[in-house]
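Chemist: Take a look at this one; I'll ask things after.
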Amino acid sequence: MSIETRRVLALHGGLVALLIGLHFVLPAYHHGNLARIMVLASYAIGYNILFGYTGLLSLGHALFFAAGMYGMALTIQHAGFTPAPGLLSGIVAGALISGALALLALRTTGVAFMIVTLMFAQAGYLTILYFGEYTRGDEGFVIQTAQRVLWGIDLSDPANRYFAALSLFAICLGLSLWLVRAPFGRVLVAIRENEERVRMLGYDIYAHKLGAMVISGTMAAASGAVYGLLFGYAGASFASVQYSIFPLLWVLLGGAGTVLGPFIGTLFMFYLIDLSSGITSAYMLIAGVTLVALTLFAPQGLAGEVRRRIWKGLP
Amino acid sequence: MEIGPYILLASLEGAVTAAVLALTAVGLSLVFGVMRVVNIAHGEFFMLGAVIAWYVAHWMGGHPALGFVAALVVAPLLVGAIAVAADMTILKRLDYDPERTIVATIGLLYIIQQLTLMSYGPEARPVEAPFNQRIALPWIERGESGWQFYYPWGLSTTSYKLAVIGAAGAVLCGVWALMTRTRIGLVMRATQADREMALAFGIPVEKVYALVFGLGAGLAALAAVLIVPIQQAHYLMGADPLLLSFIVVIIGGLGSLPGTVLAAVLIGLSDGIISVFFSPTLAKILATLLVGLVLVFRPQGLFGTRAA
Amino acid sequence: MSGALLSTRGLSKRFDGLQAVTEVDFDLARGEVRALIGPNGAGKTTLVGMICGRVAPSAGTILFDGEDITGLPAHRRIRRGMAYTFQITSVFAGLSVHENVALAARRRLTGAVRVDAAVSEALARVGLSDRSEEEAGNLSYGHQRLLEIAMGLVQAPRLLILDEPTQGLSDGEIEGFKALIREVREQAAILLIEHNMHVVMELADRVTVLNFGTVLAEGTPAQIHENRAVQAAYLGTG
Chain A
910 MSIETRRVLA LHGGLVALLI GLHFVLPAYH HGNLARIMVL ASYAIGYNIL FGYTGLLSLG
970 HALFFAAGMY GMALTIQHAG FTPAPGLLSG IVAGALISGA LALLALRTTG VAFMIVTLMF
1030 AQAGYLTILY FGEYTRGDEG FVIQTAQRVL WGIDLSDPAN RYFAALSLFA ICLGLSLWLV
1090 RAPFGRVLVA IRENEERVRM LGYDIYAHKL GAMVISGTMA AASGAVYGLL FGYAGASFAS
1150 VQYSIFPLLW VLLGGAGTVL GPFIGTLFMF YLIDLSSGIT SAYMLIAGVT LVALTLFAPQ
1210 GLAGEVRRRI WKGLP
Chain B
3 MEIGPYILLA SLEGAVTAAV LALTAVGLSL VFGVMRVVNI AHGEFFMLGA VIAWYVAHWM
63 GGHPALGFVA ALVVAPLLVG AIAVAADMTI LKRLDYDPER TIVATIGLLY IIQQLTLMSY
123 GPEARPVEAP FNQRIALPWI ERGESGWQFY YPWGLSTTSY KLAVIGAAGA VLCGVWALMT
183 RTRIGLVMRA TQADREMALA FGIPVEKVYA LVFGLGAGLA ALAAVLIVPI QQAHYLMGAD
243 PLLLSFIVVI IGGLGSLPGT VLAAVLIGLS DGIISVFFSP TLAKILATLL VGLVLVFRPQ
303 GLFGTRAA
Chain C
7 MSGALLSTRG LSKRFDGLQA VTEVDFDLAR GEVRALIGPN GAGKTTLVGM ICGRVAPSAG
67 TILFDGEDIT GLPAHRRIRR GMAYTFQITS VFAGLSVHEN VALAARRRLT GAVRVDAAVS
127 EALARVGLSD RSEEEAGNLS YGHQRLLEIA MGLVQAPRLL ILDEPTQGLS DGEIEGFKAL
187 IREVREQAAI LLIEHNMHVV MELADRVTVL NFGTVLAEGT PAQIHENRAV QAAYLGTG
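Residue numbers (the working numbering), protein chains in the order written: chain A, 910 to 1224; chain B, 3 to 310; chain C, 7 to 244.
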């Protein structure tokens, strides 16, 4: 194992160890927040695989997040599934929908890709509203505590919830780290840098982008399913445009194309909004200002700046 | 009411939608055509127009027409000025990079929307129309004594709605004349055709961009002032015009003004008529899917001929 | 001939009414070094673009190793043993020199050890061994061209297509390039699009001259040198 690899493993393993340690010291409020942040950061990690590493800017990831959430919640609510098959059906729904959207959207590039993903996600959101009889639309529905017992573990209990969130996060972080160091992930980065050159090295661009989008969408769906299960609620707002913008914001803030960036961005943004909501109800103002400021002054994000200034090998 | 008069009513309502939509969408199309950027905050410029109209009418007092006419002048100018400022402080510094501009205008969307929420508040407020006579409309039907005119109950429009259609038509003609008959229009078209060449010929491209961005936003604001006596001013009202403008601009062929107007009329009218048969949500689902599919399979728009 | 490595028959391309390449029949034997020359706008880049799949032909067929590849997308042609280096250097500027070559190598090799060995060998052949950890975008222009060639070599192609490889190189670098090609030709056929006549004369077995999208002449460098029509095309006289 090279020194570089050891440093990388120490850094990312260290974060997971730190998160385990925080469970024992954090006050209840921040403990609950951190569980939420870890699930949302997993969503952002999924988004980052497509946006940060492959260079495809999707404005429709809420569709995948919601596919996971509703794939889980609807089967539990209406088909009597238990959490394990519920989670699985959420993840499968996300994989199928991201694959289907990829087949269409990858025929376009650039701005057209952004608009196409936006439109299909919007159609998905409206579809959830349209079938309000089952989904209860914007109001959403609660998944009862009794329906949230996975393999005998009550997920509504704060400690269990924290470790469930941490497990998801650790899996997504590990997968992301492994992927970007594997040959497949390296080709994705090369596609981001210079697509035509990659084609002329004999790689199938379409297949790689398709793979990236399905991995990204499935990870987003897994996060959506876990989010619904841990916090006992599914609502249409998770499918709205706002939830497509959030992961973009988190990843831009934390550093696109870095493994840790999504977590850093989610953590910062969560607390930024949390603090500002004490002052004003117009908390999305913070999101807007941050987006504009990032595009203007720090398109690399926080971890991107670290990579540029301190550690060039940061994955 | 029977189905015939009902559809006539729906088409009239649709024509009002189409008129306002055409103005909004032409603004978006102009920005896309000349500057090659997508402005996600376009709907918020629309919303700002309506909110400013409410403020102006509120402050003026007196006869409703007074406030309305003042709003018609003030709102587009003010919104245009805000857009020019946004262009010079943000878009210009991004060098109009298409993807970064989209991200920045999403940020702008939230900034405008949330600042409005903080100052104007969450209420929906009406602006009184300058004139508003009800006009009953006749319908022909074959009765027992042959064809006859009658006035079905509920089949009516207002003089204001007809005026909106007229005003929008006049403004669109104005925009067309501006683009084709004036020097500034020529400069805009030259910039649209070839930015590098325009620069080489000494056209101040950055000033043209600021102007076009302001003009596009001003058109959206004007459309909003026209509609605000019929709808109401609300801080979230920008979402629908944005979506519909997108649909229109993409179906009409990106950056083509005649295509945009044609598509606006088509979408506006069919929106009115489709909502007679389908739920509005289903209509919106179909519309968003249509836009997505058109972009995937016919990126030059339904009416366009060249590759975009 | 026991089947050429690459043949085109009636290959043509029209762009919006402009006939860029007309009915080109072209054969390249195994192990051959072929130069493709012609004035600017003669259709060289379009012809090569059709051969490696970057440009779709309007008419005609392309055979590679006896099989029709006309309908194949670019990446599948590359997989069959073509390698293409870009005219305007097109390395991955943000990645290290090593990673640039490794990307090219990983398509056919698996396992970090084997990839690293192939990368080291390719970099050694072009003389960039001591720069493998540098960011490719920071290399000098000449070194970027050499990196392009290393990316071609590491693919172990049967046909190496080099689009104006000596453009912008110093005299010393051109000497190095010529030595390299003499070595590489032991393993692969080479199609060389080249402006520098000294390079063409020294390296090529045969030369094909393209003018106004058609083959004007074909022969050994000496024959081409003597050919009056070629001289006329280049010098613009009668």
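Note that the Cβ used here is the ideal one computed from N, Cα and C, for glycine as well.
To the nearest angstrom, how far is it from the Cα of Leu1139/A to the Cα of Ile1100/A?
Modeler: Approximately 36 angstroms between the Cα atoms of the pair.
Chemist: Please look up how many angstroms separate the CB atoms of Leu286/C and Asn106/C, rounded, as I've assumed it's under 8 angstroms.
Modeler: Since the first and last residues shown for chain C are 7 and 244, residue 286/C lies out of range.
Chemist: Between the region 70 to 90 of chain C and chain A, which residues of the former have a C-beta closer than 7 angstroms to a C-beta of the latter?
Modeler: Listed by position along the chain: Ala80, His81, Ile84, Arg85, Tyr90.
Chemist: Please state if the CB of Pro1224/A and the CB of Arg112/C are separated by a distance shorter than 7 angstroms.
Modeler: No.
Chemist: Starting from the C-beta of Met978/A, find all residues in its chain whose C-beta is less than 7 angstroms away, skip the five residues before and the five after it, and write them out in chain order.
Modeler: These residues qualify, in order along the chain: Gly999, Gly1133, Ala1134, Tyr1136, Gly1137, Ala1143, Phe1147.
Chemist: So, with DSSP's three-state summary, where would you put Ala1091/A?
Modeler: Coil.
Chemist: So what's Ala233/B in DSSP terms, helix, strand or just coil?
Modeler: With the sequence shown as reference, residue 233/B is identified as Gln, and Ala is not the correct amino acid for it. Looking at Gln233/B - three-state DSSP - the assignment turns out to be coil, as it is neither helix nor strand.
Chemist: Go to Ile249/B, then tell me how far its alpha helix (DSSP H) extends in each direction, as first and last residue.
Modeler: First-last of the alpha helix (DSSP H) with Ile249/B: 241 to 254.
Chemist: Counting only Cβ-Cβ distances shorter than 7 angstroms, please list the residues of the region 1041 to 1067 of chain A near chain C, keeping chain order.
Modeler: From the region 1041 to 1067 of chain A, no residue has a Cβ closer than 7 angstroms to chain C.
Chemist: Between Leu928/A and Leu1075/A, is the Cβ-Cβ spacing less than 7 angstroms?
Modeler: Yes.
Chemist: Counting only runs of 4+ residues fully inside the region 996 to 1077 of chain A, write out the alpha helix (DSSP H) ranges in chain order.
Modeler: The region 996 to 1077 of chain A contains these whole alpha helix (DSSP H) runs: 1019 to 1039, 1041 to 1044.
Chemist: Considering Trp61/B, what are the terminal residues of the alpha helix (DSSP H) in which it resides?
Modeler: Segment 44 to 62, the alpha helix (DSSP H) holding Trp61/B.
Chemist: By the 10 Å Cβ neighbour count, where 16 or more other Cβ atoms means buried, how is Leu201/B classified, buried or exposed?
Modeler: Exposed, because fewer than 16 other Cβ atoms sit within 10 Å of the Cβ of Leu201/B.
Chemist: I'd like to check one pair, Trp1159/A with Ala976/A: are the Cβ atoms closer than 7 angstroms?
Modeler: Result no, Cβ atoms of Ala976/A and Trp1159/A do not sit closer than 7 angstroms.
Chemist: Decide if the region 174 to 190 of chain C is in contact with the region 7 to 23 of chain C; the criterion is three or more beta carbon pairs, one per stretch, under 8 angstroms apart.
Modeler: The region 174 to 190 of chain C vs the region 7 to 23 of chain C: no contact.
Chemist: Any C-beta of chain A within less than 8 angstroms: which residues of the region 161 to 176 of chain B qualify?
Modeler: Against chain A - using a Cβ distance shorter than 8 angstroms - the region 161 to 176 of chain B contributes no residues.
Chemist: Ends of the alpha helix (DSSP H) at Trp178/B?
Modeler: That run of the alpha helix (DSSP H) goes 161 to 183.
Chemist: What residue range does the alpha helix (DSSP H) around Val76/B cover?
Modeler: Here the alpha helix (DSSP H) through Val76/B covers 66 to 88.
Chemist: Spell out whether any CB of chain A is found under 7 angstroms from the CB atom of Phe183/C.
Modeler: For Phe183/C, the answer is no, since every Cβ of chain A falls outside 7 angstroms of its Cβ.
Chemist: Give a yes or no on whether 7 angstroms exceeds the smallest Cβ distance from Gly220/B to chain A.
Modeler: Not an interface residue.
Chemist: Could you give the C-beta distance for Ile43/C and Val206/C, rounded to a whole number, given that I count them as a contact under 8 angstroms?
Modeler: With a Cβ gap of about 6 angstroms, Ile43/C and Val206/C count as contacting.
Chemist: Can you list the residues of chain A that Gly100/C reaches, using a CB-CB cut of under 8 angstroms?
Modeler: Those within 8 angstroms of Gly100/C in chain A are Glu1102.
Chemist: Out of Gln150/C, Asp22/C, Thr95/C, Ile68/C, which one is the CA nearest neighbour of Asp254/C?
Modeler: The requested residue 254/C is not part of the displayed model; chain C covers only 7 to 244.
Chemist: In terms of alpha-carbon separation, which member of Asn942/A, Leu943/A, Ile958/A lies closest to Lys1118/A?
Modeler: Minimum Cα distance to Lys1118/A is reached at Ile958/A.
Chemist: Quick one, are the C-beta atoms of Leu3/C and Ala41/C less than 7 angstroms apart?
Modeler: This structure gives no information on residue 3/C, because the portion of chain C shown stretches from 7 to 244.
Chemist: Hey, out of Ala993/A, Gln1056/A, Gly1164/A, whose CA is closest to Gln986/A's CA?
Modeler: Comparing Cα-Cα distances from Gln986/A to each of Ala993/A, Gln1056/A, Gly1164/A, the minimum goes to Gln1056/A.
Chemist: Can you confirm whether Ala130/C, when its beta carbon is compared against all beta carbons of chain A, has any partner nearer than 7 angstroms?
Modeler: It does not: the Cβ of Ala130/C has no partner Cβ on chain A nearer than 7 angstroms.
Chemist: Can you check which of these residues, Glu146/B, Leu11/B, Thr160/B, is closest to Arg136/B by C-alpha distance?
Modeler: Here the closest residue by C-alpha is Thr160/B.
Chemist: Counting along the chain, where does the beta strand (DSSP E) carrying Asp169/C start and finish?
Modeler: 165 to 169 is the extent of the beta strand (DSSP E) around Asp169/C.
Chemist: Could you tell me whether the Cβ atoms of Ala21/B and Ile167/B are closer together than 7 angstroms?
Modeler: Result yes, Cβ atoms of Ala21/B and Ile167/B sit closer than 7 angstroms.
Chemist: Taking Cβ-Cβ distances below 7 angstroms as the criterion, which residues of the region 1081 to 1102 of chain A are in contact with chain B?
Modeler: Cβ contacts with chain B come from no residue of the region 1081 to 1102 of chain A.
Chemist: For a contact meaning CB atoms closer than 9 angstroms, what does Glu101/B contact in chain A?
Modeler: What Glu101/B touches in chain A: Leu966, Gly1019, Val1020, Met1023.
Chemist: Do the CB positions of Gly1236/A and Leu1184/A come within less than 7 angstroms of each other?
Modeler: Because residue 1236/A is not part of the residues shown, which for chain A are 910 to 1224, the question remains open.
Chemist: Tell me whether the region 23 to 40 of chain B and the region 247 to 264 of chain B touch, counting them as touching only if at least three CB pairs, one residue from each stretch, are closer than 8 angstroms.
Modeler: Touching, yes, given that three or more Cβ pairs across the two stretches are closer than 8 angstroms.
Chemist: What first and last residue would you give for the alpha helix (DSSP H) that runs through Val190/C?
Modeler: Segment 177 to 190, the alpha helix (DSSP H) holding Val190/C.
Chemist: Going by beta carbon distance, what residues of the same chain come within less than 8 angstroms of His231/C, once the five residues before and after it are set aside?
Modeler: If we look at His231/C and ignore the five residues flanking it on each side, its Cβ neighbours are Met207.
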